Amino acid sequence: MKLKYLSIGLAMLATACQTDSKNNNANADSNLREDTGEYTLSKADMLQDYIDALDSTDVNSIGKANAKFKELFNQGDSLNNDLAVVYFIDFMDKVSLYGHQSAIDDELDYSSLVDIEVNGGKPADAVEDGYKKISQNGYRIRQSEGMYSIQINPFYIQKEFYPYISGNMEIMLQQIAKENLEGYAEDAAIIIPFQSLVQRVIWWEDFLKNNNNKAYSPLAREQYGRYFNALTIGMDNTPAIESEQIAPYFQEAYSYLKDFAPASDSYKQLQPYIELLEKGEIEQAKGMVADLLKH
Numbered sequence: 450m451k452l453k454y455l456s457i458g459l460a461m462l463a464t465a466c467q468t469d470s471k472n473n474n475a476n477a478d479s480n481l482r483e484d485t486g487e488y489t490l491s492k493a494d495m496l497q498d499y500i501d502a503l504d505s506t507d508v509n510s511i512g513k514a515n516a517k518f519k520e521l522f523n524q525g526d527s528l529n530n531d532l533a534v535v536y537f538i539d540f541m542d543k544v545s546l547y548g549h550q551s552a553i554d555d556e557l558d559y560s561s562l563v564d565i566e567v568n569g570g571k572p573a574d575a576v577e578d579g580y581k582k583i584s585q586n587g588y589r590i591r592q593s594e595g596m597y598s599i600q601i602n603p604f605y606i607q608k609e610f611y612p613y614i615s616g617n618m619e620i621m622l623q624q625i626a627k628e629n630l631e632g633y634a635e636d637a638a639i640i641i642p643f644q645s646l647v648q649r650v651i652w653w654e655d656f657l658k659n660n661n662n663k664a665y666s667p668l669a670r671e672q673y674g675r676y677f678n679a680l681t682i683g684m685d686n687t688p689a690i691e692s693e694q695i696a697p698y699f700q701e702a703y704s705y706l707k708d709f710a711p712a713s714d715s716y717k718q719l720q721p722y723i724e725l726l727e728k729g730e731i732e733q734a735k736g737m738v739a740d741l742l743k744h
């Protein structure tokens, strides 16, 4: 199955043109019954309660959570569906952090599984059973600094949840999937070209401008903040300020940002900071950082 990637331009156009039909379905998530005044759990809340009782150190919990999701929800666009998928993905993130030991045997070589979803191939015999467990529960193998870990498989998200969510949330998840497969950082260092970093900042800025939805907007703001902050100060091993001057990567990134999106809010916010860096007024620039960073 191929993941349907959208170009940055097309995705921006789609988010700008597509109306958010979930605004018309806000009552689907109402927890207050008008006739009795009693509080009732929405289906999304029911899923969250079920997930909260699962073991986040066991990847098999994902299969259980998915079965519960399918029991509760029907295919279609609703606020409840979008919110439930946000809850589900958040749980998958937790399991990817805490469920490592239930999925990875440190004595085995998982190199045959790295990018197997994209490149094809056959798992090595020693890890074939482990691969089934990992893939059936929605994960893929990632390798960083010689260590193996599990990461959400975007093809699993597409197959299991795209039929249930709104068009705008699908666009958002496609972008996240694209970014995850392309990579972002390794060993506290940015590994993508400066053009890609700038493009991600602007993509998320535009998406947020065109989508205000309580289900998925917090996740979109988190993505935007991550990239905006990286563009502002860099990371530990790729700092924006190096030897008391602007680092070459960021000098190029800021120049590209000015050309690529001069009218963007991101550029307008960073412009005074960039000008100070370019003039070599490093201490004054550092003094602006706290107010610039997104939290």
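Per the working numbering, the sequence shown starts with residue 450, numbered consecutively.
Where is the CB? At the ideal position from N, CA and C, for every residue including glycine.
Keep in mind it's a predicted model, so treat the numbers as computed, not measured.
For VAL508, which residues of its own chain have a beta-carbon under 8 angstroms away from its beta-carbon, when the five flanking residues on both sides are left out? Stepping through the sequence shown from its first residue, residue 508 is reached at position 59. These residues qualify, in order along the chain: VAL544, GLY548, SER551, ALA552, LYS582, ILE583, ASN586, TYR588, ILE599.
Segment contact, 8 angstroms Cβ cut-off, at least three pairs: the region 638-646 with the region 609-623: no
Could you pull the start and end residues of the beta strand (DSSP E) that GLN745 belongs to? Nothing about residue 745 can be read from this structure; the chain reaches only from 450 to 744.
On a CA-only basis, which of MET596, LYS663, PHE699 is nearest PHE643? Give me that one, please. Working through the sequence shown from its first residue, we reach residue 643 at position 194. For the residues MET596, LYS663, PHE699, the minimum Cα distance to PHE643 belongs to PHE699.
How would you write the range of the alpha helix (DSSP H) that GLN524 sits in, first residue to last? As a working note, residue 524 is residue 75 in the sequence shown. That residue, GLN524, is in no alpha helix (DSSP H); it is neither H nor E in DSSP.
Compare the Cα-Cα distances from GLU727 to each of ALA712, ALA702, SER713, GLU609 and report the closest residue. Taking the sequence shown and counting its residues from 1, one reaches residue 727 at position 278. Checked all of ALA712, ALA702, SER713, GLU609; the closest Cα to GLU727 is ALA702.
Would LEU521 and MET541 qualify as a contact pair, given that the criterion is a beta-carbon distance under 8 angstroms? As a working note, residue 521 is residue 72 in the sequence shown. As a working note, residue 541 is residue 92 in the sequence shown. Against a cut-off of 8 angstroms, the Cβ pair of MET541 and LEU521 comes out as no contact.
Cβ neighbour criterion (16 or more within 10 Å) applied to GLY683: Looking up residue 683 in the sequence shown gives position 234. Flag for GLY683 reads buried.
How would you call LEU532, buried or exposed, if buried means at least 16 neighbouring beta carbons within 10 angstroms? Here the question's residue 532 lines up with position 83 in the sequence shown. Per the 10 Å Cβ criterion, buried.
Alpha carbon to alpha carbon, how far is TYR605 from ALA516? Give it in angstroms, no decimals. Here residue 516 corresponds to residue number 67 of the sequence shown, with the count starting at 1. Here residue 605 corresponds to residue number 156 of the sequence shown, with the count starting at 1. Approximately 14 angstroms between the Cα atoms of the pair.
Separation of ARG591 from GLY569, as counted between CA atoms: Position 120 of the sequence shown, counted from the first residue, corresponds to residue 569. Position 142 of the sequence shown, counted from the first residue, corresponds to residue 591. Roughly 15 angstroms between the two C-alpha positions.
Whole-angstrom Cβ separation of PRO572 and LEU557, contact assumed at under 8 angstroms? Residue 572 sits at position 123 when you count from the first residue of the sequence shown. Residue 557 sits at position 108 when you count from the first residue of the sequence shown. That pair is no contact at about 11 angstroms.
Taking the alpha carbon of TYR716 as the point to measure from, which residue in GLU594, ASN678, PRO603 has its own alpha carbon closest? Residue numbering aside, residue 716 sits at position 267 when the sequence shown is read from its first letter. Here the closest residue by C-alpha is ASN678.
Going by other Cβ atoms of all chains shown within 10 Å of its Cβ, with 16 needed for buried, is GLY525 buried or exposed? As a position in the sequence shown, residue 525 is number 76, starting the count at 1. GLY525 is exposed by the Cβ-count criterion.
Give the DSSP-derived three-state secondary structure of PRO572 in the structure shown. What you label residue 572 is simply residue 123 of the sequence shown in a count that begins at 1. Reduced to three states, the DSSP call for PRO572 is coil.
Per DSSP, which one or two residues make a beta bridge with GLN600? As a working mapping, residue 600 is identified with position 151 in the sequence shown. In the DSSP output, where bridge partners are listed per residue, GLN600 has ARG589.
Cα-Cα separation, VAL576 to SER560: One-based indexing of the sequence shown puts residue 576 at position 127. One-based indexing of the sequence shown puts residue 560 at position 111. Those two C-alpha atoms are separated by around 10 angstroms.
So what does DSSP say about VAL544, is it helix, strand or coil? What you label residue 544 is simply residue 95 of the sequence shown in a count that begins at 1. Reduced to three states, the DSSP call for VAL544 is helix.
Residues of its chain near TYR536, where Cβ-Cβ distance is below 7 angstroms and the 5 sequence neighbours each way are ignored: Indexing the sequence shown from 1 puts residue 536 at position 87. Taken in chain order, the residues that qualify are ALA493, LEU496, GLN497, ILE500.
What are the boundary residues of the alpha helix (DSSP H) that LEU706 is part of? Indexing the sequence shown from 1 puts residue 706 at position 257. First-last of the alpha helix (DSSP H) with LEU706: 697-709.
Relative to the C-alpha of GLU671, which residue among ASN602, GLU609, VAL650 is closest? Position 222 of the sequence shown, counted from the first residue, corresponds to residue 671. The option with the nearest alpha carbon to GLU671 is VAL650.
Do TYR722 and LEU742 have their C-beta atoms within less than 8 angstroms of each other? Position 273 of the sequence shown, counted from the start, is the residue given in the question as residue 722. Position 293 of the sequence shown, counted from the start, is the residue given in the question as residue 742. The answer is no: Cβ separation not under 8 angstroms.
Contacting residues, own chain, Cβ-Cβ under 8 angstroms from ALA442 (five flanking each side not counted): Because the chain is modelled from 450 through 744, residue 442 falls outside the range shown and cannot be assessed.
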